[in-house]
Structure formats: C-alpha cells, structure tokens
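What follows is a set of notes on a single structure, which appears directly below.
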C-alpha cells in the first residue's frame, strides 16, 4: 500500500518553486554583496557615474551598493517572493514583480564597473566574482522562470 507524501499535501502544486528558490538565492547573494561593499568601501559606479555617497548610505537610502541593490528593492523582493507562492491574483502579482525585479537586478549588475573589474583575468577577485556571478545568474533565472510562469494559466 502506497502512503501519501505529507509534503505534497502542504505544498501548492502550482507554486512556482523554482522562481521562489532563485529569488531566495539572489537575496542571499545580494545581501552578502552589500556586506562586502560596505565593509570594503566599494562605491557604486553605474554606467560610469560614481556615487558620492558612502556604500552604507547608498544601501539604506539610495539605489544600492556596487555589489547589491538598495534595501528598498530587497524588501520589495522579499514581499514579492512571499506573494509568488500564493494562488490567484496575488500570486500573479508576486510572479510579475519577481520577473521585473530580476530584469532590473540584471541590468543593475551589468551596469556596474565592479562587475568587469572582478571578472577581468588581470584583476580577478574570486570572492567578489562569486557574488557578481550570482547577482547576474539568479536574476536571469528569475526572469526566465517568471516569464514562463506568467505564460501559464495560474489559478
């Protein structure tokens, strides 16, 4: 006699678990990046424009550090991640928000000068390279999984 898996009864079968996992991994990577940028005083240089603020101020009040978005975006992503697991309209809002936030995070990291510094063979920095890679890959995964999920009929 086959026993039902109790975990399958708890989890919503239509829940976008891959999207939620990618979002949580990105939140971890970005939070770690913020800590490194603040500790090492790495100022943001988005599209060649250097921030005049200290990294901790940019993280709390501004657009973010060289290795992470600002706290407002991270909090918005946490809320969207919580909503994405729900069914119906609120679930769709969460998925759409994660998709847009993933696109914004990808553009943000690709626009930072530190991305090209830490990935350059001459100036390669392994710990920062891991953060930068995660801050690019996880948001791209969020965009792809979010778009796929939005293309499905969610109830």
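In our numbering, the protein residues as written are 223 to 377. Note that the Cβ used here is the ideal one computed from N, Cα and C, for glycine as well. This structure is a prediction, so every number in the text was calculated from the model and none was measured.
The stretch 314–332 and the stretch 298–305 touch, with no fewer than 3 CB-CB distances between them shorter than 8 Å. In the structure shown, the three-state DSSP call for residue 284 is coil.
Taking the Cα positions, residue 238 is about 29 Å away from residue 350. The alpha helix (DSSP H) runs lying completely inside the stretch 280–361 and spanning 4 residues or more are 293–306, 310–332 and 335–341, given in chain order. Partner residues in the beta bridge of residue 271, as assigned by DSSP, are 268. Annotation for residue 261: the continuous alpha helix (DSSP H) segment containing it runs 239–261. Distance from the CA atom of residue 265 to the CA atom of residue 348, rounded to whole angstroms, is 19 Å. By the C-beta density criterion, residue 248 is buried, having at least 16 other C-beta atoms within 10 angstroms. Here residue 276 carries a coil assignment [DSSP, helix/strand/coil].
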